[in-house]
Amino acid sequence: FINGRSTTSIFVHEFGHNYGVGHANFWLGMTGGGLLGHRNPDDSIVEHNEYGDVFDLMGNDRRVVSGGTPVWPNGHYSMSMKAYLNWIEATEVLSVSSSGRYRIYRFDHKDARSVAGHPLALKIDLGAYGWLWAGFRRNFVKNQSLSTGAYIVLAPTERWHYLLDTTPLSRSNRTQDMDREDAALAPGKSYTDPYGMVRITNAGWDGTAPFEYLDL
């Protein structure tokens, strides 16, 4: 229920729930405390941070960063959620099961699907842990990390996910919230998922709007 005066972003967020998707969350994996696999007293996962994806309207839909790009209207639902809704079709997802070099195009432009056959996401099966997804967000024009980097999420289901920070503690003297602003995997850098099963390397980006792409 939405009561009283509300912003447009709230409706977009709540419509997401009506369609069946959950929240865009964050994986608190940067503490260095060896917490992986531990539980809170209420049996929730220690690493779980609800609403914690700072780039997705299914997170904090009213997030505004001073000098940055606000999440509304730029924070499209993630590629995993769009795939769940069939807004990205199965033929536009690269389901990876072996090492190789793969090209994906940005998924957050209104014309992203105007060229048939352009892969808009990379998906890797992690078995019991769900799926690792990689995508390319470019709507946050003032965020250098996203403009050139891979946006990577861990999705226990395709209905919700955790944003993964590939540069943990990069802003150790800032708030934890701002440390997520450079979460994307930078060109020339590699990242191993929290369970140590998959390594992704950003081999660089190119292209012009709306068909910018990443090679991974």
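Our numbering puts the first residue of the sequence shown at 4, with every later residue one more than the last. Don't be surprised by glycine CBs; every beta carbon is placed ideally from N, CA and C.
Given residue i as reference, the closest of the options once Cα atoms are compared
i    : options                : result
A124 : G19, L149, R141, S98   : S98
L167 : V144, P122, L135, R109 : L135
G62  : F14, T94, P44          : F14
E95  : R116, R42, S150, G25   : R116
G70  : E184, R42, Y54, R140   : E184
L232 : H51, H20, D218, Y105   : In the structure as shown, the chain begins at 4 and stops at 219. Residue 232 is therefore absent and cannot be evaluated.
R66  : T10, A206, S193        : T10
Y22  : Y105, P44, M84         : M84
S81  : S193, R202, H112, K192 : H112
R141 : D182, A187, K126, S102 : A187
L149 : A27, N205, P44, N6     : N205
Alpha carbon of residue i to alpha carbon of residue j, nearest angstrom
i    : j    : result
Y154 : A86  : 15 Å
V49  : T169 : 18 Å
N89  : R8   : 31 Å
W208 : S173 : 22 Å
S92  : G120 : As written in the sequence, residue 92 is Glu, which differs from the Ser given in the question. The alpha-carbon atoms of E92 and G120 are separated by roughly 10 Å.
F110 : G138 : 7 Å
V74  : F58  : 6 Å
P171 : T195 : 12 Å
D46  : E53  : 15 Å
For residue i, three-class secondary structure by DSSP
i    : result
W75  : helix
D46  : coil
N6   : coil
G138 : strand
V15  : helix
T169 : coil
D56  : coil
D182 : helix
Y87  : helix
N21  : helix
S101 : coil
Sub-7 Å separation of residue i and residue j beta-carbons
i    : j    : result
D114 : P213 : yes
R162 : G25  : yes
Y216 : Y108 : yes
V156 : T72  : no
A189 : G130 : no
H20  : D64  : no
Y165 : F29  : yes
G191 : A158 : no
Per DSSP, cross-strand counterpart(s) of residue i
i    : result
I155 : A137
V67  : Beta-bridge pairing links V67 to no other residue.
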